[in-house]
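Notes to accompany the following structure.
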Amino acid sequence: MRQFLLPPAFAGQDRIRLEGEDAHYLTRVLRLREGDSVPALDAGGVRYLLSLLSVGPGWCEAAVTASGAQAPLRGPAPEITLLQCLPKGSKMDSIVRQATEAGVLRIVPLVSEHTIPQGGGPAGRLSRWQRIAREALQQSGNPRLPLLEEPRPLAAVHGGAEWGTALVFHETPVGEESLHALLAGSAGRVSVLIGPEGGLSPVEVAFLRGQGFRPAWMGSAVLRVDTAAIAAVALVKQILWERSEWSLSNRQ
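In this text, residue positions in the sequence shown follow numbering that gives the first Met the number 0: the first is 0, and each later residue adds one.
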């Protein structure tokens, strides 16, 4: 479902003027004309209906009315944080886009032992990722924009309540519990850590386990880093949504 993300300055007023990229998205990408409407969302996840009143070169004015519409959920939306060790090239752009579509709450880029240095300053990368996330939110219809953070060293990730149930997905089965078992006691807040190309070093895995991250495994297939990130998020999200419908057993 296409939707429009209202500007951060929006404070509930019933009429707004939009320029630049916002006006371009409405009038060029969505091809809206005067009298047309589109679902809208503010920074806090409140839904509105935006109706164009007038359109000019590079700008438009719109009426904004509250809407009770909300996508049905199977249960409370899981709060998933993706901690992603920076991959090569532009793969992080794809990860940000797909993670936003999957409904993650927070994205934390990490610099690990096998991370290859990237060109461009941190401010430029963060700005690009924020733009990509905004576009993905508008395209997907998800109810929230993820918090995107500046890259930090993996060694700066310390254990604590902020991560909820903390999982590190590893390419080999270094842990003994299934993903269902790992999530059984979760309160719905889960952090998923994915390594870069080349994976995490043994020292990094030991460090993360010491910080309370529990190892998870998705099987023997070799996945691209961007595939692994979204597969892990999707698995966690679906299990949390459906856990009222399943139970663990000790059958041999």
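Even for Gly, the Cβ is constructed at its ideal location relative to N, Cα and C.
Distances from the alpha-carbon of GLY211 to those of ALA233, ALA165, ALA22 put ALA165 closest. Under DSSP, the beta-bridge partners assigned to SER190 are THR80, ALA165. VAL28 and GLY159 have their C-alpha atoms spaced approximately 43 Å apart.
Counted as a single uninterrupted DSSP element, the alpha helix (DSSP H) harbouring THR226 occupies residues 224-241. With a cut-off of 8 Å on Cβ pairs, the region 99-107 is not in contact with the region 172-184, counting fewer than three such pairs. Only residues of its own chain outside the window of five on either side were considered, and among them CYS84, LEU109, VAL110, SER111, GLU203 have a CB closer than 7 Å to the CB of LEU153, listed in chain order. When the five nearest sequence neighbours on each side are left out, the beta carbons in the same chain lying within less than 7 Å of the beta carbon of ILE238 are those of LEU178, HIS179, LEU182, in order along the chain. With contacts defined by Cβ atoms closer than 8 Å, ALA132 and VAL189 do not form a contacting pair.
Ranking GLY218, GLN137, PRO195, GLU148 by CA distance to the CA of GLY174 puts GLY218 first.
When C-alpha distances from ASP13 are compared across GLU241, ALA39, GLN97, the shortest belongs to ALA39. In terms of Cα proximity to SER200, the closest of ARG213, GLU170, SER185, ARG151 is GLU170. For GLY34, the closest of LEU17, PRO56, GLU60, VAL45 by C-alpha to C-alpha distance is GLU60. Taking the C-beta atoms as reference points, LEU144 is found nearer than 8 Å to ALA42. Annotation for PRO56: no alpha helix (DSSP H) segment contains it, and DSSP assigns it neither H nor E.
In terms of Cβ geometry, LEU147 and TRP128 form a close pair [threshold 8 Å].
Beta-bridge annotation (DSSP): GLU18 is paired with TRP58. Under a 10 Å Cβ-count criterion, VAL221 is classified as exposed, with fewer than 16 other Cβ atoms of the shown protein chains found around its own Cβ. The C-alpha of ASP225 lies about 13 Å from the C-alpha of VAL191. When secondary structure is reduced to three states using DSSP, VAL103 falls in the coil class, being assigned neither helix nor strand. Boundaries of the alpha helix (DSSP H) harbouring PRO201: 201-209, taken from the DSSP string. By the neighbour-count criterion, in which 16 or more other beta carbons inside 10 Å mark a residue as buried, ILE115 falls on the exposed side.
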